[in-house]
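Participant: First, the structure itself, so that you have it in front of you.
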Amino acid sequence: ESEAISSPLLSVLQDLHQKYQHLQEGELADYIPELAKVNPDLFSICVMTTDGQIFAVGDYQHLFTIQSISKVFVYGMALEEHGRDYVLTKVGVEPTGEAFNSIVLDEMSKRPYNPMVNAGAIATTSLIKGSGPTERLNRMLDMFRRYIGHDIFIDISVFMSERTTGHRNRAIAHLMLNFGMIDRNIEEVLDLYFQQCALMVNCQDLAVMAATLANNGVNPLTGEQAIKRDYVRDILSVMYTCGMYNFTGEWVYNVGLPAKSGVSGGIMVVVPNKLGIAVFSPLLDERGNSVRGVKICEELSQKYGLHIFDYL
Ligand code: GLN
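Residues 62 to 373, numbered by the numbering used here, are exactly what the sequence shown covers, in order.
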């Protein structure tokens, strides 16, 4: 019976992959030198249902660094560790309408606008509990492992590349230190932030992570509760309003689903109670979103009526 539903989906994914694989628009992220070395032709799409079926096409086992998509999960971890009210005193939930790396804090509260842009994500990372840098990293890796369902590793070259060139993020962190929004050692916070960004995943892992969020925080493959279900709503809300940076308005208008992109070329989309969708293609538009990724998600949303306001 699942064959009947599943095989058409796989062939739809194959057709979309074929349709867009020759689209060469966009640029590799080159402000992180290691990311500029990636093969721009890599391209994969993966869909996972909340009951654990997987449909994958293209280079879906190719590993890449998760980059900004990590922000979603670290935000969830901060919520679990401190509760919603405290986290809200450190990072807001308003879209910025500006680039992901903009050096801007809320004028009144001095909080970064939201946890999906760099400033907010660095503030979120500074909230992670642990007795020292190693324990904090290990606790974070444990959290990611629950969503992914297997062991995970950090790409040391990408980590070092960002650590040695990430002066803009360093400036953002210093600004927050100045306003007392961060009260930890800045270099330690940035190391953990660069480490979370350099976490290696493949397209299938991203689909599992998305499906876990779609499934009230329960990983459909392992059955493990990756995050308390109370916080899934909070995470999906900021993904919906802020997940695609200063493209989020247009994205919500056309695709209508909570999502998060990263500069390595991944996009992760959640269809609540139904699916996790992931696309990987490293060529990016001016706002830092995967060009092919956006197209694939627009087509899938339209074809299957996935926009949350379809069929109201
Ligand atoms: N590590 C990247 C940075 O801080 C993440 C940005 C992104 O993926 N948009 O610049």
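Where is the CB? At the ideal position from N, CA and C, for every residue including glycine.
Being a predicted model, the structure only gives us computed values, none of them experimental.
Give me the pocket residues for the ligand GLN, defined as CB within less than 6 Å of any heavy atom, sorted by chain position.
Facilitator: Output, sorted by chain position: Q128, S129, F161, N162, N179, E223, N230, C258, G323, V324, G349.
Participant: Which residues share a DSSP beta bridge with V118?
Facilitator: Looking at the DSSP assignment, V118 forms a beta bridge with I106.
Participant: What residue from A287, V313, D212, M221 has the CA that sits closest to Q363's CA?
Facilitator: Comparing Cα-Cα distances from Q363 to each of A287, V313, D212, M221, the minimum goes to V313.
Participant: Could you please give me the residues that DSSP links to M305 through a beta bridge?
Facilitator: Per DSSP, none; premise fails for M305.
Participant: Assign K289 to one of three DSSP states: helix, strand, or coil.
Facilitator: Coil, per DSSP.
Participant: Can you list, in chain order, the residues of its chain whose CB lies under 7 Å from that of L282, leaving out five sequence neighbours each side?
Facilitator: For L282, where only same-chain residues beyond five positions count, the Cβ hits under 7 Å are G113, G210, V269.
Participant: Is the beta carbon of V133 sitting closer than 9 Å to the one on G304?
Facilitator: Against a cut-off of 9 Å, the Cβ pair of G304 and V133 comes out as a contact.
Participant: So, at 6 Å on beta carbons, what are the nonlocal neighbours of R229 in its own chain, with the 5 sequence-adjacent residues on each side left out?
Facilitator: Closer than 6 Å at Cβ, skipping near neighbours: N162.
Participant: Can you give me the C-alpha to C-alpha distance between G284 and N239, rounded to a whole angstrom?
Facilitator: Taking the straight line joining both Cα atoms gives about 43 Å.
Participant: Are the Cβ atoms of Y292 and R145 separated by less than 9 Å?
Facilitator: Their beta carbons are under 9 Å apart, which means Y292 touches R145 by this criterion.
Participant: Would you give the residue range spanned by the alpha helix (DSSP H) that M204 belongs to?
Facilitator: Start and end: 194 to 209.
Participant: If you follow the beta strand (DSSP E) that I338 is in, where does it begin and where does it stop?
Facilitator: 336 to 341 is the span of the beta strand (DSSP E), which, as asked, contains I338.
Participant: How far does the beta strand (DSSP E) with G327 in it reach, from first residue to last?
Facilitator: 327 to 332 is the span of the beta strand (DSSP E), which, as asked, contains G327.
Participant: At least one CB of chain C closer than 9 Å to the CB of A182: is that the case?
Facilitator: Of the protein chains in this structure there is only one, and it is not chain C.
Participant: Compute the Euclidean distance between the alpha carbons of E360 and L336, then round it to the nearest angstrom.
Facilitator: Distance between the alpha carbons of E360 and L336 is about 15 Å.
Participant: Name the two residues that bound the continuous beta strand (DSSP E) containing I259.
Facilitator: Position check: residue 259 holds Ala in this sequence, whereas Ile was assumed. Careful: A259 lies outside any beta strand (DSSP E) and carries neither H nor E.
Participant: Quick one: what's E88 bridged to in DSSP?
Facilitator: Partner(s): L345.
Participant: Taking the C-alpha atoms as reference points, what is the distance between D244 and K151?
Facilitator: About 11 Å.
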